[in-house]
Amino acid sequence: MLERRVGVVGNCVSGKTTLVNSLQAHGYRAINIPQEHSVSPRFWRRLAPDFLIYLTCTLSTAQKRRQIPWGQETLDAQWKILSEARENADLIIPTDELTATEVLAKALDALGST
Numbered sequence: 001m002l003e004r005r006v007g008v009v010g011n012c013v014s015g016k017t018t019l020v021n022s023l024q025a026h027g028y029r030a031i032n033i034p035q036e037h038s039v040s041p042r043f044w045r046r047l048a049p050d051f052l053i054y055l056t057c058t059l060s061t062a063q064k065r066r067q068i069p070w071g072q073e074t075l076d077a078q079w080k081i082l083s084e085a086r087e088n089a090d091l092i093i094p095t096d097e098l099t100a101t102e103v104l105a106k107a108l109d110a111l112g113s114t
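Throughout the sequence shown, residue numbering follows this note's numbering, covering 1 to 114 in sequence.
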């Protein structure tokens, strides 16, 4: 297990769980930080990640990936609560046009270069 703690934040259906599971399979101490459900924009800081990855996707992508009961207003609210995490992220990955394998490759590349 690699020592660095990798936090993954992002809006719902952006690919956080998939990326965390893949990073763990590669030996990283990866954690899914449910920041988008928190009332505190600093919630992610409590988990003290050494490297923070921010994933994002649009509403249309989220709707293609999963049946969701919410719309753009909810996504905008999630992006607002995630704004501090985004500003402090070591890596930002828009996942709309990427496969899970491509997202993982970007994360591994960034982790390998830091």
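All C-beta atoms in this analysis are idealised placements derived from N, C-alpha and C, irrespective of residue type, glycine included.
Counting C-beta pairs with one atom in each stretch, the segment 57-64 and the segment 101-114 have fewer than three that are closer than 8 Å, which means they do not touch. Between residue 49 and residue 7, the gap from beta carbon to beta carbon is short of 8 Å. For residue 111, the enclosing alpha helix (DSSP H) covers residues 100-112. Taking the Cα of residue 93 as reference, the smallest distance to any Cα among 5, 9, 4 is reached at 9. In this structure, residue 19 keeps its C-beta atom at 8 Å or more from the C-beta atom of residue 47.
Distance from the CA atom of residue 33 to the CA atom of residue 69, rounded to whole angstroms, is 21 Å.
Taking residue 17 as the centre and dropping the five residues before and after it, the same chain places the C-beta of 32 closer than 8 Å to its C-beta, in chain order.
Annotation: the segment 12-69 contains the following complete segments of the alpha helix (DSSP H) (minimum length 4 residues), in chain order: 16-25, 43-46, 59-65. Put simply, of 23, 11, 13, 12 the residue whose alpha carbon is nearest the alpha carbon of residue 3 is 23. By the beta-carbon neighbour count (other beta carbons within 10 angstroms, threshold 16), residue 25 is exposed.
Residue 78 and residue 98 have their alpha carbons spaced roughly 21 Å apart. Classified as exposed, residue 21 has fewer than 16 neighbouring CB atoms from the shown chains inside 10 Å of its CB.
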